[in-house]
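Following our numbering from start to finish, the sequence shown increments by one per residue and tops out at 286. The C-beta atom is built at its ideal place from N, Cα and C for all residues, glycine as well. Note that the structure is predicted; figures quoted are calculated from it, not measured.
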Amino acid sequence: MALRLFEGKDHAAAYLQYRVSPHELICRIMDYMETKMPKQFDLAVDVGCGSGQGTILLAPYFTKVVGTDVSPAQLKMAVANSIPPNVSYRQCSAEELPFASGGVDLVTAMTAAHWFDRQKFLLEADRVLRPGGCLALLSYSMDMELEYGDVSNALNDICKEFYAALLPYRNPYLGSSSVKIYLDMFDSCPYPDKEWNECLRVKRITPLNGYIGMVETFSSYQILQQKDPVEAERLSNETRNKLMSAMKVSSPDAEVTVVVKYFYWLACKP
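Below you can see the structure in the form of structure tokens.
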């Protein structure tokens, strides 16, 4: 079953503003590809591209990059962003990609594959990939951490309370952790040449409000916001104030280091 989420205009804008662009993982993907095929890469397809932060990171490595998504709002945001001339976007489902069989060098999905119809997507990725082409799926766990001087542990205790409050609103489809979904997809991939990687810690310095905004893009927070917007706002404000108090700062613009824990897998089509 494929699920359609994150299609509202405001949510798409929040994705573009707050979600982390995984530069480090793109380097890992390209290092893997360069060991499997010549360095002339023609076409990359970023499935479930959202507002395109990951899509544009592929531009320096490929002649052409196409981001695909089911959401017109997300794609509108992606197109409005500054994009390299070799990047374009198409609206389609992950399970029906508008590309010829055997013509794609890389199929990737960045923090999106857990929403796809997994078996149909894997079959479709196999159809469009050329022999020697690569499939790269990546995501991150919900338990992001904060680093700030000698109060990091106190901040992370507050973060854990934030995540625990959102857990009842997590989509049952995902289970308690999406890592298992990706492991199941990894096991289902028939390619003998594949590797699982867990976990890569990606650090970004951001205003405290940026961290709050990132958590607010999570599907669990969005569900809470739809059900009880007053409670959602109260939870965000309470968490923000607790963090500011622990940091001994008076403004949510104070910068903090966010640590995002990525996991990913790579496979090469025979």
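Start and end residues, alpha helix (DSSP H) containing residue i
| i | result |
| --- | --- |
| residue 152 | Per DSSP, residue 152 belongs to no alpha helix (DSSP H); it is in the beta strand (DSSP E), 145 to 156. |
| residue 186 | Neither: residue 186 is in no alpha helix (DSSP H) and is coded neither H nor E. |
| residue 203 | 195 to 204 |
| residue 127 | Careful: residue 127 lies outside any alpha helix (DSSP H) and carries neither H nor E. |
| residue 240 | 235 to 243 |
Closest Cα partner of residue i within the set the options
| i | options | result |
| --- | --- | --- |
| residue 178 | 210, 257, 213 and 217 | 257 |
| residue 120 | 143, 99, 252 and 129 | 143 |
| residue 88 | 66, 199, 117 and 73 | 66 |
| residue 221 | 212, 271 and 183 | 271 |
| residue 54 | 77, 210, 184 and 71 | 77 |
| residue 228 | 118, 160 and 101 | 160 |
| residue 166 | 117, 231 and 264 | 264 |
| residue 39 | 52, 172, 122 and 72 | 72 |
| residue 184 | 248, 268 and 70 | 248 |
| residue 284 | 51, 41 and 42 | 51 |
| residue 171 | 79, 70, 261 and 151 | 261 |
| residue 84 | 236, 132, 251 and 234 | 132 |
| residue 15 | 75, 235 and 224 | Outside the displayed span of the chain (17 to 286) sits residue 15, for which this structure offers no information. |
| residue 57 | 116, 207, 194 and 122 | 122 |
| residue 68 | 232, 104, 59 and 48 | 104 |
| residue 150 | 268, 252 and 49 | 49 |
| residue 254 | 181, 98 and 117 | 181 |
| residue 233 | 162, 90, 79 and 191 | 90 |
| residue 269 | 224, 129, 280 and 41 | 224 |
| residue 75 | 92, 42, 96 and 86 | 42 |
Residue span of the beta strand (DSSP E) that contains residue i, given as start and end
| i | result |
| --- | --- |
| residue 15 | In the structure as shown, the chain begins at 17 and stops at 286. Residue 15 is therefore absent and cannot be evaluated. |
| residue 213 | 209 to 223 |
| residue 272 | 271 to 284 |
Cβ distance (whole Å) where residue i is taken to contact residue j below 8 Å
| i | j | result |
| --- | --- | --- |
| residue 113 | residue 81 | About 14 Å separates the two Cβ atoms, so there is no contact after all. |
| residue 45 | residue 282 | 7 Å |
| residue 155 | residue 127 | 5 Å |
| residue 64 | residue 125 | 5 Å |
| residue 202 | residue 210 | 7 Å |
heavy atom of the ligand ZN below 6 Å from residue i C-beta
| i | result |
| --- | --- |
| residue 86 | Ligands displayed in this structure: none; no statement on the ligand ZN is therefore possible. |
**Prompt:** Do the stretch 106 to 113 and the stretch 128 to 143 make contact, defined as three or more Cβ pairs closer than 8 Å?
**Reply:** yes
**Item:** Cβ pair count under 8 Å reaching 3, the stretch 209 to 221 against the stretch 260 to 277
**Value:** yes
**Message:** Extract the residue ranges of the alpha helix (DSSP H) inside the stretch 51 to 122, only unbroken runs of 4 or more that lie entirely within it.
**Reply:** 88 to 96
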